[in-house]
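The sequence shown begins at 1 in the working numbering and counts up by one.
All C-beta atoms, glycine included, are put in the ideal place defined by N, C-alpha and C.
Heads up: the structure comes next, in structure tokens.
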Amino acid sequence: MRACPMLPAFLMPLLGACAALQPFDNAPPSPARPWKAPELAAYSAALSRPEQAREPGAVSIDPAKTYGLGELIDIAQRTNPETRVAWERARQAAIGIGLAEGTYYPALTAAATGAVAHVPIPIPTTVIPGGVFTADTHFVIPTLSLEWLLLDFGRRDAAVDAARALATEAVAGFNAKHQQIVFAVTRDFHALTSVRGKVAAGRAALVAARSLEDAATARKQNGLATLPEVLQAQEETARATYDFQDALAAEHDARMALLESIGIRPGTPIDIADISQEPLPSGLEESVDEAVDRALGQRPDLIAGLAAVRAGEAEVRKARADYWPKLAARTAVAGNIGELKIENSAYQGVHELQYDAGFRFEWALFDGFERRNKVRLAESTQRQATAELEHATDKAVREVWKAYNDTRVALAKYEAAAALLAASEKAWDATLESYRNGLSTFPDIREAERNLARARTADTAARAEVRTRAAAFAFSTGDLARP
1 MRACPMLPAF
11 LMPLLGACAA
21 LQPFDNAPPS
31 PARPWKAPEL
41 AAYSAALSRP
51 EQAREPGAVS
61 IDPAKTYGLG
71 ELIDIAQRTN
81 PETRVAWERA
91 RQAAIGIGLA
101 EGTYYPALTA
111 AATGAVAHVP
121 IPIPTTVIPG
131 GVFTADTHFV
141 IPTLSLEWLL
151 LDFGRRDAAV
161 DAARALATEA
171 VAGFNAKHQQ
181 IVFAVTRDFH
191 ALTSVRGKVA
201 AGRAALVAAR
211 SLEDAATARK
221 QNGLATLPEV
231 LQAQEETARA
241 TYDFQDALAA
251 EHDARMALLE
261 SIGIRPGTPI
271 DIADISQEPL
281 PSGLEESVDE
291 AVDRALGQRP
301 DLIAGLAAVR
311 AGEAEVRKAR
321 ADYWPKLAAR
331 TAVAGNIGEL
341 KIENSAYQGV
351 HELQYDAGFR
361 FEWALFDGFE
371 RRNKVRLAES
381 TQRQATAELE
391 HATDKAVREV
401 WKAYNDTRVA
411 LAKYEAAAAL
421 LAASEKAWDA
431 TLESYRNGLS
441 TFPDIREAER
451 NLARARTADT
461 AARAEVRTRA
471 AAFAFSTGDL
481 ARP
């Protein structure tokens, strides 16, 4: 950047003229390659500060502690920056109420005007031979004025109602953000639990494949099996090993997704509890109609939609009130402090108090149809908010119905998966023993081993699906993180 010449201190405000005269000094000189602006170093240094220094909501993680779902949700609600964004929006909306209510108070203003003047005034030469006389003056006029709006036909009331509705909308958005984060953490936690179950199933499948390989090798040594059977058994072991490693990679990805939902860095050392063997919910204890009624009364998005409608109604009232006049009381007190002399006369001073009080009546009679169009705009915005609320209500009903049915189906699938796993385990044990005794063929034992692996995977997936669907159902009704 081109440096400005040295300037005296009182000319420092003119430094901005450097950029005004040479604006392209602050832009890349060529489109052909990247450009490192002088300010980039300071920005890079700010972004490279330690995480704790730039994350006010950061929470310390104890590597020796095992964190359950509830604790992870608590960390997410305190750490995830999205909650702080929604919180500040709610606070800004609350400040809007204060701004609107502040218009009920009078406005008190202090001001002062001062000047020193030397004024030559032309005058006929018949009065003064030179045709000019001069006047010199210096004065200060401090003023204290007060104005109080007394009557506005509902403008301020409507503005306060709109601000309160917008604050309610912001609070509902804040609660919705918490529910979204809680659901995301819950969903990803159960996804990690599911993948961990797949890892356990893969480990068990690997053990079963090795048992099959050992049995085939023993049978070959006893002359009861052929080399192709042993090679096929080794193939099953290799396949099980690959599936196990693939499950480990999926576990790593699921863990990263969970840490992202919580709002902590991927490399954070944290021990996450495994709830794969904990009991599942037995079933739904309410009807879908009861769930729909509860959702319509507490979902944050519907509350926000209704608040938007109320804000639109208030804006319509405010726009219509602009057709009416305004009446305000005003008063002012000022001091006239100064001196004046003409030509070579002595200064004549004044130190007097002046004041006035009265009313100000204002009524716009014609404004180029501005008020009419403001009413039209406010009415259109209000109708839009009403239509959006109707759409959100219909969407909420559909989501509750879907989540309710998904939960019922997931429970039924889990019962079937549990029965399948029990049957597959018995079939595997019986077939393996029969194969060792030479009563079953290798295709029989291989099929039993694969069926057992599929059954374990299905059972693990069904368990996770029940928990995830139950969380989705609670999310659809607004029960998650309910205030």
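Range of the contiguous alpha helix (DSSP H) that encloses residue i
| i | result |
| --- | --- |
| S476 | F442 to T477 |
| R330 | Unbroken run through R330 is the beta strand (DSSP E), K326 to I342; no alpha helix (DSSP H). |
| E362 | Looking at the DSSP string, E362 is not in any alpha helix (DSSP H); the run it does join, the beta strand (DSSP E), is Q348 to E362. |
| E101 | P81 to E101 |
Nearest neighbour of residue i, chosen from the options [CA to CA]
| i | options | result |
| --- | --- | --- |
| A295 | F475, P81, D74 and E82 | F475 |
| H525 | H391, K374 and Y347 | The displayed coordinates of the chain run from 1 to 483. Any statement about residue 525 would go beyond what the structure contains. |
| A495 | E425, T193 and A100 | This structure cannot settle anything about residue 495, because the visible part of the chain is limited to 1 through 483. |
| E71 | F369, F189 and L284 | F189 |
| R372 | D406, L146, V316 and S30 | V316 |
| A107 | L146, E88 and W87 | L146 |
| H252 | A304, A240, V195 and S287 | V195 |
| K341 | G267, G102 and T134 | T134 |
| H351 | G358, I337 and W363 | I337 |
| T381 | G368, G358 and G305 | G305 |
| N437 | A111, Q354 and N222 | N222 |
| R482 | S345, Q354, D301 and T407 | D301 |
| A319 | L327, A378, G349 and G283 | A378 |
| T268 | D274, M256, P279 and I275 | M256 |
| W324 | V85, A32, R33 and D152 | D152 |
| G297 | L150, A455 and T393 | T393 |
| A94 | L365, D136, A167 and V160 | A167 |
| W87 | E169, P129 and V160 | E169 |
| V466 | A403, G154 and F366 | A403 |
Residue span of the beta strand (DSSP E) that contains residue i, given as start and end
| i | result |
| --- | --- |
| A27 | Neither: A27 is in no beta strand (DSSP E) and is coded neither H nor E. |
| A111 | A107 to P122 |
CB contact flag (residue i, residue j, <9 Å)
| i | j | result |
| --- | --- | --- |
| A308 | A385 | yes |
| A332 | D356 | yes |
| G197 | T460 | yes |
| T83 | I264 | no |
| I61 | I270 | yes |
| A76 | E449 | no |
| S261 | A200 | no |
| L432 | A215 | yes |
| W401 | V288 | yes |
| T143 | I73 | no |
| A314 | A470 | no |
| F369 | L327 | no |
| F473 | L284 | yes |
| R463 | S211 | no |
| D136 | A117 | yes |
| V182 | L480 | yes |
| L69 | A273 | yes |
| L149 | T109 | no |
Helix, strand or coil at residue i [DSSP, three-state]
| i | result |
| --- | --- |
| S44 | helix |
| W401 | helix |
| Q277 | coil |
| L480 | coil |
| W148 | strand |
| R409 | Arg is not the amino acid found at residue 409; the sequence shown has Val there. Looking at V409 - three-state DSSP - the assignment turns out to be helix. |
| A135 | strand |
| I181 | helix |
| T193 | helix |
| P63 | coil |
| P142 | strand |
| K36 | coil |
| R54 | Bear in mind that a pLDDT of 47 at R54, under 50, signals an unreliable position, so the number given afterwards is only what the model happens to contain. Three-state DSSP puts R54 in a helix. |
| R49 | coil |
| S211 | helix |
| D246 | helix |
| A387 | helix |
| P31 | coil |
| L365 | coil |
| M1 | Below a pLDDT of 50, predicted positions are generally treated as unreliable, and M1, at 42, falls in that range; the measurement from the model is reported next regardless. Of the three classes helix, strand and coil, the one that applies to M1 here is coil, per DSSP. |
| L439 | coil |
| A416 | helix |
| I75 | helix |
| E379 | helix |
| S488 | There is simply no residue 488 to check, as the chain begins at 1 and stops at 483 in what is shown. |
Min CB distance residue i to chain C below 9 Å
| i | result |
| --- | --- |
| A163 | Note that chain C does not occur in the displayed structure, where there is just one protein chain. |
Runs of alpha helix (DSSP H) wholly within the stretch 250 to 302 (minimum 4 residues, chain order): 288 to 298
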